[in-house]
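One structure below.
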Amino acid sequence: MAMTKKTSGKPKGGVKKPQAKPAKRDAASKKAPAKKVAKPAPKKAPQKEQQPKPVVAPRVRGVPQVLRGMKDVLPQEQRYWRSIKMAADELARAYGFEMIETPILEETSLFARSAGTQTDVVEKEMFSFIDKGGSNVTLRPEGTAPAVRAYIIHGMLNLPQPVKLYYIGPMFRHERPQHGRYRQHYQFGVEVFGDDNPVLDAEIIMLAHLFYKEIGVKSVVRINSLGCNDCRPAYREQLVNYFRMKRAQLCEDCKRRLAKNPLRLLDCKEEGCAALKEGAPQIVDSLDEKCKDHLMRVLEYLDDLQVPYALDPHLVRGFDYYTRTVFELVPEEGDGAQVALGGGGRYDSLVEQMGGRPTPACGFGLGLERAILQMKAQEIEPQPEKGPDVFVAQLGDSARRKAFVLFEDLRGAGIKLAGNFTKNSLKGQLETANRLGARYTAILGQQEVLDETVLIRDMESGMQEIVDYKKAVNALKKKLENG
Ligand code: AMP
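The opening residue of the sequence shown carries number -4 in our numbering; numbering runs sequentially from there.
In structure tokens, the structure reads:
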């Protein structure tokens, strides 16, 4: 192995002195404006990748467009997605949840039976169609009903309870697209089956809150109880009496809801209806002792866990299956305070309603696009990602062929790599290595091919070392092990 020295001129081996100045990276990162980061940055955070500016795609004639309300998630967005999916995964697993993946396409009746035929999602927003076999199918608008179906048909009732499941995946709703509202969106969801202990309601609420905390977004929980099948009918009657007196001021949808599903009136976003809701009776006054006690215990747990919450006596959710606890999360600060970051609740009757044995359950769904929008609005950087260990650079045809093989040898040795086999400029390749935060660059030029060597450049110090080609993998492994 050749001596280690600080490069000051043309390195032996025929490769010109690289022009890129990796040392600047540190200086630049020191001066970078203070930005919030999802988690404390590691000591040697690689320089924030210079993200290409977002390009507004021009409409290209004759090329099929992406469907309204749907979007491509481009490579420059992926660091946000990786960061939040990792947070979701780690949190869910830390609290004993197991991942479940259900099909995106389900029988339409699954959602009609679970969410309720009178809900906006089922009435107006489902992507439903008859498939080639004549079945009425639907792109899933939410994750709870498929999880319930899976729990029943796979006999999870026979497993030790509670069964704790989580998922991350796309949902489809034919809504009017707007900022933060898409026709395809992703949710991180959890479902807990088989126990009605209020500690589980508190656990999932805390998990939802923690997820946002983990990615750097402060959220507040709004919480309410919808009572149970015993105490809700009396409240329903009070509500009907109240709104019947104001019928003339209700929107057409709510006039219909008044007869069939009066609780939904509390969820109407029309200005007139929303204003009427303020004077409406509150369900907390109608809860029976058991439901009241359940709510109180959930709140006590949240107090213990210091999860910030506000009682919202008119909170109902978009699906009919909820009993007792319902909650939503909204951002603590900013214009988005009215935007739901996620929500969920308890659904103690749903498993039975879907054909299973009576099984209490609760869960939530958090909107991942909204999580990212909040991060961007609050200038929160995703958790810094470790750059490649080694960037493989090459110059000239024969060097490229050897570099290609070296790349595979290094990958096989478990080294995290980057490289570009089409570039002809060493300067450009070193700049890329630098931008990616590579620890070392392995350089192969014509001279290295002749000498059967590789030039290894420490990207932080600029020190270069010539090593035998055959020993390059081991030499790099050793360097990486030694930090
Ligand atoms: P929901 O099942 O309606 O309570 O939705 C759970 C969460 O998913 C919401 O609180 C939002 O964060 C997110 N979400 C729901 N619908 C959409 C949508 N159309 N576009 C983006 N995010 C959505």
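From the three backbone atoms N, C-alpha and C, an ideal C-beta is built for every residue, glycine too. Predicted model only: the values in this text are computed from it and were never measured.
At which residues does the beta strand (DSSP E) containing residue i begin and terminate?
i	result
Pro165	158 to 167
Glu284	Not the beta strand (DSSP E): Glu284 falls in the alpha helix (DSSP H), residues 284 to 300.
Arg395	That residue, Arg395, is in no beta strand (DSSP E); its alpha helix (DSSP H) goes 392 to 407.
Phe322	318 to 326
Cys357	356 to 362
Thr448	448 to 453
Tyr230	Segment 227 to 240 is the alpha helix (DSSP H) holding Tyr230; no beta strand (DSSP E) there.
Val462	458 to 463
Leu100	100 to 102
Just checking my contact of residue i with residue j at CB under 8 Å: how many whole Å lie between their CB atoms?
i	j	result
Ser214	Pro326	6 Å
Gly184	Gly358	6 Å
Val143	Met151	At roughly 10 Å, the Cβ-Cβ gap does not stay under 8 Å, so Val143 and Met151 are not in contact.
Val387	Leu368	The pair is not a contact, with the Cβ atoms about 37 Å apart (cut-off 8 Å).
Val302	Val311	At roughly 21 Å, the Cβ-Cβ gap does not stay under 8 Å, so Val302 and Val311 are not in contact.
Arg178	His169	6 Å
Pro355	Asp190	6 Å
Leu134	Leu100	6 Å
Val132	Glu102	6 Å
Met166	Pro136	6 Å
Ile79	Leu336	Wrong, their Cβ atoms sit about 12 Å apart, outside the cutoff.
Val212	Met370	6 Å
Arg217	Asp307	4 Å
Ile410	Lys472	7 Å
Phe122	Leu361	Contact flag wrong, Cβ pair sits at about 21 Å.
Met201	Leu300	5 Å
Asn429	Met458	15 Å between Cβ atoms; not a contact.
Phe416	Gln442	Not a contact, Cβ separation roughly 19 Å.
Glu380	Arg74	6 Å
Tell me whether residue i is buried or exposed, calling it buried when 16 or more other Cβ atoms sit within 10 Å of its Cβ.
i	result
Arg341	buried
Gln182	buried
Asn219	buried
Lys5	Note that Lys5 scores 38 on pLDDT, short of 50, meaning its location in the model is unreliable; the coordinates nonetheless yield the value given after this. Exposed: under 16 other Cβ atoms inside 10 Å.
Glu323	buried
Ala18	For Ala18, the predicted model reports a pLDDT of 37, less than 50, meaning its position is unreliable and no value from the coordinates is stated.
Glu247	exposed
Lys466	exposed
Asn153	exposed
Glu328	exposed
Pro193	buried
Gly414	buried
Ala22	Note on Ala22: pLDDT 35, under 50, position unreliable in the model; no value is reported.
Lys25	For Lys25, the pLDDT reaches just 38, beneath the cut-off of 50, and the residue's location in the model is therefore unreliable, although a value from the coordinates is still provided. Lys25 is exposed by the Cβ-count criterion.
Gln173	exposed
Val68	exposed
Ser109	buried
Val462	buried
Asn477	exposed
His149	exposed
Do the CB positions of residue i and residue j come within less than 7 Å of each other?
i	j	result
Phe92	Ala140	no
Arg252	Leu261	no
Cys286	Arg319	yes
Leu221	Tyr317	yes
Val385	Tyr464	no
Pro257	Leu234	yes
Ala82	Glu198	no
Val449	Ala408	no
Gly351	Ile147	yes
Val334	Ala394	no
Val293	Asp225	no
Leu345	Pro383	no
Lys397	Leu425	no
Lys264	His309	no
Gly111	Asp315	yes
Between which two residues does the alpha helix (DSSP H) containing residue i stretch?
i	result
Glu209	193 to 209
Ala145	139 to 148
Tyr75	73 to 89
Gly423	421 to 431
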